[in-house]
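In this note's numbering, the protein residues as written are 7 to 729. Worksheet: the structure to be examined is printed underneath.
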């Protein structure tokens, strides 16, 4: 258990990149109190200890100190959280909180964890693996967030809050070089154009050679080529009115990650292809693999304090994106299954919030409107599966949603607080689908049309929340809460109406009723901060991708259905301790039980033989940060971070080759800061032990089994200058 308890770092308080420093060159004063962090989990600013729910918050400085480039690093600091690129799609996100999420990134499938960029909901996983350049903080809200955040947050929500423009001119530039030809650059520039008008620009580029090689073509595998840009402006014409504008763009031309063959497909055309490749990132493929992703969005936020204690907030947003991929699903030099997929999305949203902050009472009410359309065109060249070896699944799904909500917090005396909230959401789904088999790779003349339909469905869901908290002392709070969340219903865009007529029927929404009890403390005169929580989730109408066999031993149909019900429950502990003026320790420990109570497949309940994906029994971690003064030579910061994850299954497939045993990841860094704190030089090693681990994979009835692996050990050196 000691090994488990020392494995990454997170806490309900701000985890600073270093303990506090004095402004001169002398050693720091004997400061032992922990820094605090402010969050907006309940749509208003408050100290994290005052919020009666499980939240992990981490600052942008801490993410920089850890060398994080995107939000996938959050699972290093958060219990019961799993984040990784969705299958073979860089920039797309698979997210699970407390065993609840969605691993299939196909269009039409709703995610189970909500991702928010400056309070704008990103409806699709494509492009949701957000960069963390110039971030103020990230909040991970665990458990259903259906009242204040709405649809598709039944597992929880991740809020990325970027830095707002500041009144003073300044910025930062950085360059990182490292193993595998890594060349990263960052620029942040803050420019106030007038006393009441400020602007801010953040740019980042990421370039790296591949972790592996294509042993057939000699090319690179898993290379990275991505860039991100963010611009924001803040206009404050009066003390009571703020108008913010934001625009962001993400471009990714990275190489497809290496899909290592874990078994020899019986349909392999050449016996010479049978040996499994020794390198975990190496492949053998003549397929022209491609992975392109573009995503952009803009928002306007108006915050108006129109009366004492009253505030009106408006968030208007637009986003769009597209991706184009070609993937070899079997990694054979003579491929038997090549998948091409084009995806596009557009979304518009409008949210109005009305706040009232009275003495001992807080109220937020609002209206949320969403209109989004997602389109996809998937092409599959599958040799020897059927006489017609070319398949196409194309179509679009439009979602229009309206929700009204209210959340009321009332102090009951000096020690007790009651929170009551309710959201009522309605949405309409419209689908157009055309799926067919073709005679050749031109995909022009259908041979067999398996689905050609249009349909629509309506959904409505209430998502209430109630919480009661008790401040046992100035340093300790206890709470209980109950909440409900849902993930929207949809359609199976891979429907095969000829063989499986029910595959064209709409899916029901998933729902979760969650109970949570917890405590938070600020002890030892501010030197020890901790939080603990236990939870129980009743999970109903779970949507799952399953392969439904049509009677042929070498064929299977990827159906999507409300497969059954389940239960997830567990416990979480987070703490942060100041061990001295120059040493800080943060840790977390998560325990999770996830089981299917009912899983109906082909008329039989097979719940006892099925397992939740991405639901490891244990997650844990630790981080130690030491900051040493070097007299007049500056400062030296040393840190070590680690994360442990128990055995897990990345998909619902029962293939034992995809089972990922428990593993630990260790990172270490040493950073020097100049006396005037303008120059920084950081040496870093990630995956110190070169641990081999899989994040996800594929398994199909025809014997194709491939796995996607996490990065190997890599070293880097970063030079940054602040001005």
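Even glycine gets a Cβ: it sits at the ideal position worked out from N, Cα and C.
Note that the C-beta distance between residue 713 and residue 169 is not below 9 Å. For residue 424, same chain residues with a beta-carbon under 7 Å away, outside a window of 5 residues either side, are 416, 418 and 474 in chain order. Proximity of the stretch 60-71 to the stretch 491-502 falls short of the contact definition, fewer than three beta-carbon pairs being nearer than 8 Å. Assignment of beta-bridge partners to residue 196 by DSSP yields 176 and 206.
Counting only runs that start and end inside the stretch 443-482, the beta strand (DSSP E) elements of at least 3 residues fall at 452-479. A distance below 7 Å between beta-carbons, with the five flanking residues on each side excluded, links residue 532 to the following residues of its chain, in chain order: 39 and 40.
Residue pairing for residue 302: DSSP places it in a beta bridge opposite 255 and 326.
For secondary structure counted as the beta strand (DSSP E) over 3 or more consecutive residues, the stretch 33-74 holds these complete runs in sequence order: 61-65. Setting aside the 5 residues that flank it on each side, residue 368 is surrounded in the same chain by 415, each with a C-beta closer than 6 Å to its C-beta; the list follows chain order. Among the bridge pairs identified by DSSP, residue 711 is matched with 705. Cβ-Cβ separation between residue 156 and residue 429: approximately 6 Å, consistent with a contact (criterion under 8 Å). Leaving aside the five residues that flank residue 513 on each side, the residues in its chain whose CB is nearer than 6 Å to its CB run, in chain order, 495, 496, 549 and 568. Contact between the stretch 514-532 and the stretch 133-146 is absent: fewer than 3 CB-CB pairs across the two stretches fall below 8 Å.
DSSP, reduced to helix, strand and coil, places residue 112 outside both helices and strands of the structure shown, so it counts as coil. Residue environment analysis places residue 686 among the buried positions, since at least 16 neighbouring C-beta atoms fall within 10 angstroms of its C-beta.
In the three-state reduction of the DSSP assignment, residue 314 falls in the coil class, being assigned neither a helical nor a strand state.
The criterion of a C-beta distance shorter than 9 Å is satisfied by residue 663 and residue 269. In the structure shown, the three-state DSSP call for residue 613 is helix.
Per DSSP, residue 260 lies in no beta strand (DSSP E) and is assigned neither H nor E. Its chain contains 324 and 377 as the residues whose beta carbon lies nearer than 6 Å to that of residue 354, once the 5 sequence neighbours on both sides are disregarded; these appear in chain order. Rounded to whole angstroms, the separation of the alpha carbons of residue 526 and residue 43 is 14 Å. When secondary structure is reduced to three states using DSSP, residue 125 falls in the coil class, being assigned neither helix nor strand.
Burial state of residue 535 is buried, judged by a 10 Å Cβ sphere holding 16 or more other Cβ atoms. In the same chain as residue 121, and ignoring 5 residues on each side of it, the C-beta atoms closer than 6 Å to its own belong to 128, 134 and 164, in chain order. In this structure, residue 59 keeps its C-beta atom at 9 Å or more from the C-beta atom of residue 161. Under the three-state reduction of DSSP, residue 436 is assigned to strand. By the C-beta criterion, the stretch 463-471 is judged not to be in contact with the stretch 79-90, since fewer than 3 inter-stretch pairs fall below 8 Å.
Looking at the DSSP output, residue 567 bridges to 550. The C-beta of residue 722 has 16 or more other C-beta atoms within 10 Å across all chains shown, which makes the residue buried.
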